[in-house]
Each structure stands twice: as C-alpha cells, then as structure tokens.
DNA sequence: AACAGGTCGTTTGCATGCTAACGATTTTTG
DNA sequence: CAAAAATCGTTAGCATGCAAACGACCTGTT
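Protein chains in written order, with the UniProt record's numbering: chain A, 1 to 144; chain B, 1 to 144.
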C-alpha cells in the first residue's frame, strides 16, 4: 500500500486549490503568484531567466507571461541591445497586487503550519529538503 | 520568505516527473496509474465512482478514461440496466501492466523514503495527514 | 401516464506543466 | 567577412486538472 505518494499528491492538490482560491480574489492565479514574487524584486527579467528561477521550462513561462499580459499584470518589451531577448515589466496592477497576494500567501502558510507541532514542522521541512535533493540528483536545475 | 509552499510544490513536481518517467516505460502515464490501481481490484466501475475514489472531478476522469481507452488499457461499455452509466473494463494490456507498474511505484517510494530517517518518515506522514485534514475541512471529499 | 427533478457522462473552455520543432538573432569560427 | 553554431522566444501538440453547461436517462410525484 504505497501510502506516501498518494497522500503527498492529494495534499498537494488541496494546497494548490486553496492557494488558487485565495489568489484569485486578487486577480492572480496560482501559477502567476511565484512569477510576481520574482518580478517584484527584479523587474525586467526575460522569460528564460524567470523560468530558470522558478524551475519551469521556458515555454511554460512564455505561456504564463501571455496570460499575465492578458490579465494586465505585465507588459512585454523587446530588449534594445539584444533583439532575441524579451523583457517582462510589471504594470501598476502587477505592482499593486504585491501586498494582498503576499498576505494571502502568508495566511495559507500559517493555516497549514498551525496544525503541526514544532517537531512536525521541522521534520516536514527536512524531509522535503532531502526528497528534493534525492530527486534532483543528476539534474541541471538544482535551484531552490 | 514562504519557504514551505515553494518547497512543497517543487518537491511534488520532481516526484511527479520521476513517477511519470518510470510509468511511461510500461505504457502508463502518471495520471493513469492510480486509476489502474483501483480497477485491478474493482473492474467495471463507472467514471463517477472512480472519480470519487480518486478525488478528481468526473470530467477529469472521463478525459483520462478516453486516453486510457486510446492507449488500449481499458474499454467502455454501457450498463445494461441503467443506460446512463458507463462501465470501464480493463483489457489484457491493462491487467498485464499491474506487476511492472506496481514495481515501479514501489521503487520510487523506496528511493524517496530511503533518504529519510525513521523519525522523518513518521513525521512526514503525520504532518501530511494533518495538513490534508485541515485543508479538506468543510469539503465533501474527505476520502483518502 | 406525464412531467419535474435528480443523476449520469460528455463537451467546452481554461490553467498549468512538458517536449519537440521552428524562426529570428547573436556569437563563434574558419 | 561569411558560414556554422549557439541562444532566445514562440508555436504546436500533449497530459493533467478544474468549473460550467448540456443532453440522455431514470425516478418520484401527482
């Protein structure tokens, strides 16, 4: 009875759904929230740079950027010195989302960790870190 | 720095990718493996019953069943006494996948848990269980 | 018996991921 | 300097999820 994989998947799905619901109240979908978190600190990155930081592929980032552009969160602009590059810049709406989105994120994390003991919190973190390391062994994206 | 949500998401992605790679060697994609696991024990369930057991929506199950039918893993047949129902029956190929798929699943779970201490294993399980319970509070799908 | 309402599976449309193939641009090399 | 190679973003096609709307079928009430 492979309990762990199933439990992990189910829990992830609930967590993702809860996050999406909370973010959606502020016009941001779950997949866009991490992109914003990077852009708030480093505006004007390229899709490739963002993809690397987020651990997704470039096509995924391009699609996400397209949806975020359609949602009015950012704009695309070609780099002047290297015409291959595209730079993504936040709009006012993208910047204004910072406070409410981070607050929503904080609340979910708090809700989740509140149910755990101090030991469970510590253990969960170290266990996930070890699993992450094990599975990313021999990969090119060891960024976390 | 909301470490936990990010770490959880990243780890889940790696785990899912590793599972998909292992399953794909036997003609089964990651989303189909849990469906098979149920059908091996209870052949002839309906899409709705399967969806409930797996914690996914009925449309998702219908799509997955369509892909599994195209892959030759199962067949659809209308229920004779209640024509609203569709029953999903495994093909020989679907049954033959049982041993290799369960073996692949076992190996991944072993690889993951091997990196953990006994305490971490126990804690991870109880932490996930608690988080799952917290997030599914006030929901209609408390099945695990 | 007839109709209203409930129960199904399906279709449609979207979000999020991936890989593979392509086109434009820059850099490297011969 | 021109051709070859590397680097980017994009597009296309697939897998997996969701919610909403639909059509077919059954059931219960009148």
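Even glycine gets a Cβ: it sits at the ideal position worked out from N, Cα and C.
Quick check for students: name the residue ranges of the alpha helix (DSSP H) that lie wholly in the region 93 to 143 of chain B, counting only runs of 4 or more. 98 to 114, 118 to 135
Measuring only between beta-carbons, confirm whether residue 104(B) sits less than 8 Å from chain A. no
Could one say the Cβ of residue 113(B) lies closer than 8 Å to chain A's Cβ atoms, at least one of them? yes
Distance cutoff 8 Å, beta carbons only. Does residue 142(B) sit that close to anything in chain A? Only weak support exists for where residue 142(B) lies, its pLDDT of 47 falling under 50; the coordinates are left without a value.
C-beta atoms of residue 123(B) and residue 37(A) nearer than 8 Å: No.
Please report how far the alpha carbon of residue 63(A) lies from the alpha carbon of residue 81(B), in whole angstroms. 46 Å
Can you tell me whether residue 12(B) is buried or exposed, with buried defined as 16 or more other CB within 10 angstroms of its CB? Buried, by the Cβ-count rule.
For the alpha helix (DSSP H) containing residue 153(B), name the first residue and the last one. Any answer about residue 153(B) is impossible in this case: the structure gives chain B only from 1 up to 144.
Pick from 72(B), 17(B), 87(B), 32(B): whose alpha carbon is nearest that of residue 48(B)? Distances from the alpha-carbon of residue 48(B) to those of 72(B), 17(B), 87(B), 32(B) put 87(B) closest.
Hey, out of 105(A), 58(A), 56(A), 76(A), whose CA is closest to residue 25(A)'s CA? 105(A)
Which same chain residues, not among the five before or five after residue 102(A), have their C-beta less than 7 Å away from its C-beta? none
CB-CB under 8 Å to residue 107(B), same chain, minus the five flanking residues each way: which ones, in chain order? 22
Using DSSP's beta-bridge definition, name the partner residues of residue 75(A). DSSP, once it has assigned bridges, lists 89(A) as partnering residue 75(A).
Within 8 Å, strictly: CB atoms of residue 15(A) and residue 34(A): no
In this structure, how does DSSP classify residue 9(A) when only helix, strand and coil are distinguished? helix
Do residue 4(A) and residue 113(B) come within 8 Å of each other at the CB atom, strictly closer than that value? yes
With distances taken from CA atoms, which of 73(B), 6(B), 10(B), 42(B) is nearest residue 32(B)? 73(B)
Cβ-based neighbour list, residue 58(B), same chain, cut-off 7 Å, excluding 5 preceding and 5 following: Same-chain partners within the cutoff: 47, 48, 51.
With distances taken Cα to Cα, identify the nearest neighbour of residue 130(A) among 135(B), 131(B), 111(B), 134(B). Among 135(B), 131(B), 111(B), 134(B), the Cα nearest to that of residue 130(A) belongs to 111(B).
Which residues in the same chain have their Cβ closer than 8 Å to the Cβ of residue 78(B), if we skip the five residues on either side of it in sequence? Excluding sequence neighbours, residue 78(B) sits near 85, 86, 87.
By the DSSP assignment, the alpha helix (DSSP H) with residue 66(B) in it spans what residues? 58 to 70
Measure from the alpha carbon of residue 95(B) to the alpha carbon of each residue in 39(B), 19(B), 20(B), then state which is nearest. Nearest C-alpha to residue 95(B): 39(B).
Please check if any C-beta of chain A sits within less than 8 Å of the C-beta of residue 12(B). yes
Contact check, residue 97(A) vs residue 27(A) under 8 Å by CB: the rounded distance? About 7 Å separates the two Cβ atoms, so the contact holds.
Would residue 76(A) pass as a contact of residue 65(A) if the rule is Cβ separation under 8 Å? yes
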